[in-house]
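Protein chains in written order, with this note's numbering: chain X, 3 to 218; chain R, 3 to 218.
Positions of the beta carbon are idealized from the N, C-alpha and C atoms, including for glycine.
Here the structure is a predicted model, which is why all the values come from computation and not from measurement.
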DNA sequence: ACCTGAACACCGTTCAAGT
DNA sequence: ACCTGAACACCGTTCAAGT
């Protein structure tokens, strides 16, 4: 008998940051949010045990952010080659959004805190350099990247939004909107609608940026 | 002596939804979030008293949403006249974002819940109709409006983000990004940077939409 | 170093009791 | 109808005690 329930310091650690991250992510995916005690329950551990590995709730949020950042595809930014900058930006945006799309409920949790992962920093670094080379002044390029990122985050939030985005109350008369909504997939195909909006916006943004290129 | 502290049902009501909404908004503006007990304290009332006027925390969030919605300017959508649709969309987007800009911390709180105010519904209604008249098929117009809204929400979130968006750790080598960040106002003028990004994105989106107009 | 169990302050919500 | 006060379940965090 190992009396596992009573042991104060087990021979092999029960916890580590990765197990905590995975449990947290699973709970977020299921319930839309997480709780420190819920993580502990999922790992058959006391709540206070988590504090030996992670700096409380804020620390768990950092873990979740790392998870998302790791899911992004940065390789494409390495071989920028001769591909046009529009294409690189589009890939960047899609991979960014897809990393969130895999875990939509994570977006609202991360939305308010700072990006500080070195990987992300250097990704931005490359994008800015690329835009500079394409002929955009630095001031503009930063505004462009920020605008693109804002669009991506907003689009990711859209994925986490409740199923019916626009509840039409009987009171309001909205025949045109109703028609537009009818002409659109519902429930399970909601993601498709979100995808279409994302691609429409991305295409428009890139077209607009291209038009604003000074050297034209 | 009125023994106010003991009275169970005061002659004049101490609370109403508007006072609750105002208190909540003030707390959100100050602290970045609100708490039901905090509202009660601000109004010199017992926490449980609030539940006679509002459906708990979720109800308070609805009140906050109404506050924001009321702050938007819909008049411009009434007299669509002969103004080009791009101009109308731009006004719409700016007024939408400005309503959030007045209370940035409100954005993360509202970001996940559904829009159902009739005023908002009918505003979308008019925009969709206008785009249809301009020559866009309904399917496209809905994607466009959604994309624009996502961009606006993302830009509004940007306003609520912590002051230093991109912390550059010493480890990461990011000279170009650093230069771009240097060329930009800091601290108090952060709003200006956000504004620039917003205007850049808005202009690009509208230019891109215009380019995609089928009847060209 | 790593886990437990007890403890604390705090939040969201309910409900009987009063006027 | 409207406010109070007590009560409950739950969360985030700390810390001494054990191995």
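{"Query": "Do we get a CB-CB distance below 9 Å when we pair residue 142 (chain R) with the residues of chain X?", "Result": "yes"}
{"Query": "Take residue 128 (chain R) and list the residues in its own chain whose beta-carbon comes closer than 6 Å to its own, dropping the five residues that flank it on each side.", "Result": "79"}
{"Query": "Identify the contact partners of residue 137 (chain R) in chain X, using a Cβ-Cβ distance below 8 Å as the criterion.", "Result": "None at all; the shortest Cβ gap to chain X is about 15 Å."}
{"Query": "Within the 9 Å Cβ cut-off, does residue 114 (chain X) reach chain R?", "Result": "yes"}
{"Query": "Would residue 100 (chain X) count as contacting chain R if we go by Cβ distances under 9 Å?", "Result": "no"}
{"Query": "Step through the CB atoms of chain X and report whether any lies within less than 9 Å of the CB of residue 36 (chain R).", "Result": "no"}
{"Query": "Which residues of chain R have a Cβ atom closer than 8 Å to the Cβ of residue 76 (chain X), listed in chain order?", "Result": "What residue 76 (chain X) touches in chain R: nothing, since even the nearest Cβ is about 13 Å away."}
{"Query": "Does DSSP put residue 14 (chain X) in a helix, in a strand, or in coil?", "Result": "coil"}
{"Query": "Of all the alpha helix (DSSP H) runs that stay within the bounds of the stretch 32-76 of chain R, which reach a length of 4 or more residues?", "Result": "38-44 and 58-73"}
{"Query": "Any C-beta of chain R within less than 7 Å: which residues of the stretch 33-64 of chain X qualify?", "Result": "none"}
{"Query": "With respect to the alpha helix (DSSP H) encompassing residue 84 (chain X), which residues constitute its N-terminal and C-terminal limits?", "Result": "First-last for residue 84 (chain X): undefined, no H or E at that position."}
{"Query": "Taking residue 221 (chain R) as the reference, which of X:108, X:180 and X:114 has the closest Cα?", "Result": "Any property of residue 221 (chain R) remains undetermined from this structure, which presents chain R solely from 3 to 218."}
{"Query": "State whether the stretch 95-102 of chain X contacts the stretch 147-161 of chain X, with contact taken as three or more CB pairs (one from each stretch) at a distance under 8 Å.", "Result": "yes"}
{"Query": "Going by CA-CA distance only, name the one from R:182, R:138 and R:176 that's closest to residue 211 (chain R).", "Result": "R:138"}
{"Query": "What is the rounded straight-line gap between the Cα of residue 208 (chain X) and the Cα of residue 130 (chain R)?", "Result": "23 Å"}
{"Query": "Skipping 5 residues on each side, what residues in its chain have a beta carbon closer than 8 Å to that of residue 38 (chain R)?", "Result": "49, 52, 58, 59 and 62"}
{"Query": "Please classify residue 85 (chain R) as buried or exposed, where buried requires at least 16 other C-beta atoms within 10 Å of its C-beta.", "Result": "exposed"}
{"Query": "Span of the alpha helix (DSSP H) holding residue 124 (chain X)?", "Result": "120-136"}
{"Query": "Would you mind sorting residue 147 (chain X) into buried or exposed? The rule is 16 or more other CB atoms within 10 Å of its CB.", "Result": "buried"}
{"Query": "Quick check: the Cα distance between residue 98 (chain X) and residue 20 (chain R), rounded to an integer number of angstroms?", "Result": "41 Å"}
{"Query": "If we ignore side chains and look at the alpha-carbon of each, how far apart do residue 161 (chain R) and residue 12 (chain X) end up?", "Result": "47 Å"}
{"Query": "Counting only beta-carbon separations shorter than 9 Å, does residue 80 (chain X) have a partner in chain R?", "Result": "no"}
{"Query": "Could you name the residues of the same chain whose beta carbon sits closer than 7 Å to that of residue 56 (chain X), not counting the 5 residues immediately before and after it, in chain order?", "Result": "19, 22, 62 and 65"}
{"Query": "Roughly how far, in whole angstroms, is the beta-carbon of residue 204 (chain R) from the beta-carbon of residue 92 (chain R), given that I think they are within contact range, below 8 Å?", "Result": "6 Å"}
{"Query": "Is the CB of residue 202 (chain R) under 9 Å away from at least one CB in chain X?", "Result": "yes"}
{"Query": "Nearest CA to the CA of residue 199 (chain R): which residue from X:196, X:150 and X:68?", "Result": "X:150"}
{"Query": "On the premise that residue 76 (chain R) lies in contact with residue 121 (chain R), defined as a C-beta separation below 8 Å, what is that separation, rounded to the nearest angstrom?", "Result": "6 Å"}
{"Query": "Distance check for residue 72 (chain X) and residue 202 (chain X), CA to CA, integer angstroms please.", "Result": "27 Å"}
{"Query": "Compare the C-beta of residue 213 (chain R) with all C-beta atoms of chain X and state if any pair is closer than 9 Å.", "Result": "yes"}
{"Query": "Within the same chain, show all residues whose beta-carbon is closer than 6 Å to that of residue 112 (chain R), passing over the 5 residues directly before and after it, in chain order.", "Result": "67"}
{"Query": "Can you grab the Cα-Cα spacing for the pair residue 167 (chain X) / residue 15 (chain X), in whole Å?", "Result": "Any reading at residue 167 (chain X) needs caution, since the residue's pLDDT is 48, under 50, leaving its predicted position unreliable; the model's value is listed next. Cα to Cα, residue 167 (chain X) sits roughly 45 Å from residue 15 (chain X)."}
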